[in-house]
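Residue numbers (this note's numbering), protein chains in the order written: chain A, 79 to 302; chain B, 79 to 302.
We put the CB at the ideal spot given by N, CA and C, even for glycine.
Structure first, commentary second.
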DNA sequence: GCACTTCTTAAGCGTTTCTTAATTGCCTCG
DNA sequence: CGAGGCAATTAAGAAACGCTTAAGAAGTGC
């Protein structure tokens, strides 16, 4: 998102009556900027960052299709929705293949347009949910751990596995044998765990991994 | 992309006549897998990786909307297109807000469906916007790299491809096999990558490409 | 066809990471 | 408070992995 609150939306529509109408319709949910021809659309689209664009098909100076193609060729990946009266399938194919992400025909339903725009601007946090550990965030894929202040520390494979195992179930106390069988070779001595706990405490901070005397290790606090 | 050639497509459609028909329609452009109820769709959608999904609205066992919501709640971000007979605006809003990315009503135009699927699977990462890598800028043609001080170094084809692949997703760690399958012949030994990384480091600067021991290589930071 | 560049393979060497083990320090219970 | 057990720390050998080099193969242009 470009702004902290509402997504920014660039509306390119030449119809003097319809343009302001759509802008007003979208105003509660987006920061709307209205331009009325293709050349202005290209300029504003290239020089400013937008979260989504709504582009009319038939535009003066520069056609909507040409505008989209120009934006895409310049590396602009912003989601684009075409809004137009031309509704037959061939036109839709041309518009979508020019680089648009969705195609809505006039007359359109305001609710549907809004829903389609939501679908375009929606982002999924599909990223392998980073495990949070106190002030730290573990990224298993990247084998590193980031503090909340940008500071990043890289971990070795075993360090990462041990930390991930502990962090997977916060507050649970793991015995050395449990941790061993999870990610280390069966032949390993339980003392291996002690060594890696030490490495981790040195890399991160002492307080993160708690020792439960006579039992094992734990992240977070169980009792008290 | 999941496969090197065609994108993979999961089709969830219970109509015994329509399902195979759509599958055949899409077959030239996608690796299609057809399942006929929501529960199977959920299972296959969660356990295998797909480039795009086409889901019928009315499904036995588990409704299409419920299926999409379940997939999204599990962190599946794959583009989803709803294909259904229910066409009024309210239904579209419900479907899109459940997490679908596009909504097509039956009867549909084959060309439009294909174009909308292309729009969903299209990525703009391939756009030759000059990739910036630290103090360097990779030329779109990928055959040379310029430092911020005018200094230019020419790269061989493979060097450029490898660097571009890494730079396309900064901070992501690529395994040797991923990099191999991207731009080298499948028969190549993973050691090829090591050699090219070495070449690049000598031409540019050592710090640009980071080694993640036991995993692969990365551009961007995660160091300290 | 020849010279040159680029690509690929492979092997030795150096570094990082993993594991073991011994020493030192600390906690708990009698 | 002291003994015994448990944990923390350190160091060093072993193993895995990556870096570097060099040389032959394949490709390209003249």
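Contact of residue 180 of chain B with chain A is assigned, a C-beta pair being separated by under 8 Å. Of the residues assessed, residue 231 of chain B falls on the exposed side of the cut-off, its CB having fewer than 16 other CB atoms within 10 angstroms.
Here the region 92-106 of chain A lies against the region 134-154 of chain A, with 3 or more beta-carbon pairs under 8 Å apart.
In the structure shown, the three-state DSSP call for residue 158 of chain A is strand. Taking a C-beta cut-off of 9 Å against chain B, the contacting residues of the region 158-175 of chain A are 166, 167, 168, 170, 171, 172, 173, 174, 175, listed in chain order. For a cut-off of 8 Å, the C-beta gap from residue 174 of chain B to residue 194 of chain A is around 6 Å, short enough to register as a contact.
In the DSSP assignment, residue 222 of chain A falls within the unbroken beta strand (DSSP E) covering 222-225. Within chain A, 167, 170, 171 have C-beta atoms less than 7 Å from the C-beta of residue 190 of chain B, given in sequence order.
Of all residues in the region 253-273 of chain A, none has a C-beta nearer than 9 Å to a C-beta of chain B. Rounded to whole angstroms, the separation of the alpha carbons of residue 283 of chain A and residue 281 of chain B is 38 Å. Look at the region 110-172 of chain B and you find these whole runs of beta strand (DSSP E), each 3 residues long or longer: 130-134, 158-162. In the DSSP assignment, residue 100 of chain A falls within the alpha helix (DSSP H) that extends over 96-104. In terms of CA proximity to residue 126 of chain B, B:111 leads the group B:140, B:111, B:139. For residue 187 of chain A, a Cβ of chain B is located within less than 8 Å of the residue's own Cβ. With respect to the C-alpha of residue 177 of chain B, the residue from A:185, A:200, A:181 having the closest C-alpha is A:200. Among the residues of the region 224-247 of chain A, those with a Cβ less than 9 Å away from any Cβ of chain B are 224, 229, 230, 231, 232, 234, 235, in the order of the chain. In the structure shown, residue 175 of chain A falls within a helical segment according to DSSP collapsed to helix, strand and coil. Cβ contact annotation for residue 291 of chain B (same chain, cutoff 7 Å, sequence separation greater than five): none. A buried status is given to residue 180 of chain A, since no fewer than 16 other beta-carbon atoms sit within 10 Å of its beta-carbon. The alpha-carbon separation between residue 242 of chain B and residue 249 of chain B amounts to approximately 13 Å.
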